[in-house]
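Visitor:
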Amino acid sequence: MNGYFQNLLWFVVFVVGVSFSASGQNGRSVDIKLSDTGTKAYDELRETETFAMGGTGYAGTTSKGELALRQLIKETNAKEALLQLIEDATPEGGLYALVGLRGLDNEQFEAAAKTFLDKSEADERDATGMSVPAGSVKVMSGCLIFVEKRATVVKNISSGQYDRYVEKMVG
């Protein structure tokens, strides 16, 4: 019986250790020093399923993703966090990271955009009730929700379509 409990204890320690090291602090795979508010913003962007900049919905409210990006950009380690989001986030969260990087460091944006576009993903996924094919993202503009090719949205970011939003954040 003593050996059973000892084995059980080692198993629990192993599972807890593996779970902690795989997910990192607050689900991040890499530990980036962020404030509590910055960590919440990072997590929001990592999990977001819709990319929306500017007024959305009937009332023209600002999306949770844009609000999270505003907060994350204020962090001391904003660039590092945005670069990590390219790896960790949903494709929509990665787009927010690219918008932020374009506003903070255009050279890093160019490299991150290539990494983002080269990143493979599942054939098809569900984004809050909407089927999104591989290579596409769920976008909201005003009252409209639609699916757009990732490359098209990255091209729009690169061309400066979202610069006015970021200028308010960093300026």
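Note that this note's numbering has the sequence shown beginning at 2, numbered continuously upward.
Built from N, CA and C at the ideal position, the CB exists for glycine as well.
#1: Buried or exposed for A135, going by 16 or more other Cβ atoms inside 10 Å?
#2: Measuring only the C-alpha atoms, how far is L35 from G130?
#3: By alpha-carbon positions, which one of V155, R151, I33 ends up nearest to L83?
#4: With three or more beta-carbon pairs closer than 8 Å as the criterion, would you say the stretch 114 to 124 touches the stretch 57 to 76?
#5: Please work out which residues of its chain come closer than 7 Å, Cβ to Cβ, to P92, disregarding the five sequence neighbours upstream and downstream, and give them in chain order.
#6: How would you label L68, buried or exposed, when you count the other beta carbons within 10 angstroms and need 16 or more for buried?
#7: What's the gap between the Cα of S142 and the Cα of Q85?
#8: Can you give me the start and stop residues for the beta strand (DSSP E) that I146 sits inside?
#9: When burial is assigned at 16 or more other CB atoms within 10 Å of the CB, is G101 buried or exposed?
#10: What distance in whole Å lies between the Cβ atoms of V154 and G104, which are believed to be in contact at a cut-off of 8 Å?
#11: Whole angstroms are fine: how far does the CA of K41 sit from the CA of L145?
Guide: The relevant details are as follows:
#1: The residue labelled residue 135 in the question sits at position 134 within the sequence shown. When all chains shown are included, A135 counts as exposed.
#2: Position 34 of the sequence shown, counted from the start, is the residue given in the question as residue 35. Position 129 of the sequence shown, counted from the start, is the residue given in the question as residue 130. If I take the Cα positions, the gap works out to 32 Å.
#3: In the sequence shown, the residue the question calls residue 83 occupies position 82. Out of V155, R151, I33, I33 has the C-alpha closest to the C-alpha of L83.
#4: no
#5: The residue given as residue 92 occupies position 91 in the sequence shown. Once the five neighbours on either side are set aside, the close Cβ partners of P92 are E122, V138, R151.
#6: One-based indexing of the sequence shown puts residue 68 at position 67. Answer is exposed; the Cβ neighbour count stays below 16.
#7: As a working note, residue 142 is residue 141 in the sequence shown. As a working note, residue 85 is residue 84 in the sequence shown. Rounded to whole angstroms, S142 to Q85 spans 26 Å at the Cα level.
#8: For the purposes of this step, residue 146 is taken as residue 145 along the sequence shown, with counting starting at 1. 145 to 150 is the span of the beta strand (DSSP E), which, as asked, contains I146.
#9: What you label residue 101 is simply residue 100 of the sequence shown in a count that begins at 1. Result: buried.
#10: Translated into the one-based positions of the sequence shown, residue 104 becomes position 103. Translated into the one-based positions of the sequence shown, residue 154 becomes position 153. Not really, about 16 Å apart at Cβ, beyond 8 Å.
#11: Mapped onto the sequence shown, residue 145 falls at position 144. Mapped onto the sequence shown, residue 41 falls at position 40. Their Cα atoms are separated by approximately 27 Å.
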